[in-house]
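To keep things clear, I will list the structure first and then write my remarks on it.
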Amino acid sequence: DMKLDDMDDTPGHIYQYLSSYHWSLAQVSLGSMEVDCSNSGERMYNVICLIVGLFGGSALISLLSANMLAFQSRQRDKTEKLRTLRKYLQENAVPPRLAVRVLRQVTERMSAKKLLTED
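Structure follows, in structure tokens:
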């Protein structure tokens, strides 16, 4: 006979299972085991909070990583385009003063924020 709420001196199987699950989640996530749950309902609520926190933290880390990779990719793309332009200017013997002006103009335009326009 398994009851969700064991209040006697010997904890039931559900309470023991939830306690061990709570402990393992606290080790994986940054949750503390300092919470002193007195019954299975409180333990279950704590376990659910740990799971939500674990998924929320994982989603945040994933989002930050994806944004950093996208930024690095954009920077690499800009660097490659500027390298190609420099090579073109050098191979076609463009005068140095003109080459500097062209590179400066291209760099400014690549760095400018693109405004949203309504089509």
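For what it's worth, this note's numbering labels the leading residue of the sequence shown as -5, then goes sequentially. We put the beta carbon where it would ideally sit given N, CA and C, even for glycine.
(request) Could you tell me whether the region 16 to 24 touches the region 35 to 55, using the rule of 3 or more Cβ pairs below 8 angstroms? (result) yes
(message) For GLN66 and THR78, I'd like the C-alpha separation in whole angstroms.
(response) 18 angstroms
(request) Report yes if the C-beta of MET104 is less than 7 angstroms from at least one heavy atom of the ligand GTP; otherwise report no. (result) Annotation note on the ligand GTP: not contained in the displayed structure, which lists no ligands.
(message) Would LEU76 and VAL96 be called neighbours here (beta carbons separated by less than 8 angstroms)?
(response) no
(request) Express the C-alpha separation of LEU83 and ARG91 in angstroms, rounding to a whole number. (result) 11 angstroms
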